[in-house]
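Student:
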DNA sequence: TGATCATGCAACCGAACGGTTGCATTTCAC
DNA sequence: GTGAAATGCAACCGTTCGGTTGCATGATCA
């Protein structure tokens, strides 16, 4: 029944892997949520209330930065972290695109098998 | 400037972590894409063309199953894997929700700092 | 019924991950 | 200028992850 087997399908941009992987961690998701609610925050502020060390927070922030989800800016002796507007919008669009892909897949699947 | 510091923000459902983590891998993303395009496939079919062993594919499928993204059904001596319609729709809705959350955050951020 | 094809199960392995601790560096505040 | 606060850097550690190999089990077909 499958239309093809060996074709290697879509290209899978590396960015998407980075994006999903960055969000696929409880602590990081909490950090994002936190930055969503309470504007730009320093590392020590973010550490307050979290049950992990400051260094752990730092590492997570770097992962999020690697995915382009957050940005930092030095501000005196502290560094303020915030969500990255533009990249975030891109991510939203990308997720929407994935969704529509899935929609297409749904339609195609319905024609295939109806459980 | 931040409105609060110690509040622990949103609850972060465990499902979302599972979902993102499952999609945060190049090989798994490729598998999903493949299942999207060419209806239900067996493990051996999925292995054909991939550069990893059958067992590796099996493991990845289990991760995707853990996130509720795929399902399998025995069919004779082979097991056919396909995307999970209903769960997939839930995931889409969830991603949309995240997006809107981010929209709100954007608006709030603009009031905060305009780079 | 016996060979074979598709899976399942389990052990193993190196690398990446999440986390910690200790120490160096920068900057503010007095 | 000196001390404390905020961050950066680096090494270390146990666990999980992605992957492999080898062998057992189950189903099909001649």
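Protein chains in written order, with the working numbering: chain V, 42 to 156; chain H, 42 to 156. C-beta: ideal position from N, C-alpha, C; glycine also.
1. Mind checking if residue 46 of chain V is an interface residue toward chain H, Cβ cutoff 8 Å exclusive?
2. Quick one: Cα of residue 113 of chain V to Cα of residue 121 of chain V, how far?
3. Can you round the beta-carbon distance between residue 111 of chain V and residue 66 of chain H to whole angstroms, since I take them to be within the 8 Å contact cut?
4. Sorted by chain position, which residues of the same chain lie with C-beta nearer than 7 Å to residue 37 of chain H's C-beta, five sequence neighbours on each side aside?
5. For residue 142 of chain H, which residues does DSSP report across the bridge?
6. Three-state secondary structure (DSSP) at residue 60 of chain V?
7. Consider the C-beta atom of residue 109 of chain H and the heavy atoms of the ligand GDP; say whether any pair is separated by less than 7 Å.
8. Do residue 63 of chain V and residue 98 of chain V have their C-beta atoms closer together than 8 Å?
9. Using a 10 Å radius around the Cβ and a threshold of 16 neighbouring Cβ atoms, would you call residue 127 of chain H buried or exposed?
10. If I measure Cβ to Cβ from residue 88 of chain H and keep anything under 8 Å in the same chain, skipping five residues before and after, which residues do I get?
11. Please go through the stretch 73-131 of chain H and give each complete alpha helix (DSSP H) segment of 4 or more residues, from N-terminal end onward.
12. For the stretch 66-88 of chain H, list every residue whose C-beta sits within 7 Å of some C-beta in chain V, in sequence order.
13. Does the beta carbon of residue 42 of chain H sit closer than 8 Å to a beta carbon anywhere in chain V?
14. Using the C-alpha atoms, what's the distance from residue 81 of chain V back to residue 60 of chain V?
15. Closer than 8 Å, CB to CB, is residue 97 of chain V near chain H or not?
Tutor: According to the structure data:
1. For residue 46 of chain V, the predicted structure reports a pLDDT of 33, less than 50, and the residue's modelled location is therefore unreliable. The matter cannot be settled from this model.
2. Using only the alpha carbons, I get a separation of about 5 Å.
3. Between residue 111 of chain V and residue 66 of chain H, the beta carbon gap of about 22 Å keeps them out of contact (Cβ cut-off 8 Å).
4. Outside the displayed range of chain H (42 to 156) lies residue 37 of chain H, so it cannot be described from this structure.
5. Beta-bridge annotation (DSSP): residue 142 of chain H is not paired with any residue.
6. If DSSP states are grouped into helix, strand and coil, residue 60 of chain V belongs with the helices.
7. The ligand GDP is not part of this structure, which contains no ligands at all.
8. For the 8 Å CB-CB criterion, residue 63 of chain V and residue 98 of chain V do not form a contact.
9. Counting every other CB atom within 10 Å of its CB across the protein chains shown gives residue 127 of chain H a total below 16, marking it as exposed.
10. These residues qualify, in order along the chain: 94, 95 and 98.
11. Contiguous alpha helix (DSSP H) elements confined to the stretch 73-131 of chain H occur at 84-88 and 95-107, taking only those with 4 or more residues.
12. Residues passing the 7 Å Cβ filter: 66, 67, 70, 71, 74, 75, 77, 78, 79, 80, 81, 82 and 86.
13. Legend: pLDDT at residue 42 of chain H = 37, less than 50; position of this residue unreliable, value from coordinates given subsequently. So, interface residue.
14. For residue 60 of chain V and residue 81 of chain V, the distance between alpha carbons rounds to 20 Å.
15. For residue 97 of chain V, the answer is no, since every Cβ of chain H falls outside 8 Å of its Cβ.
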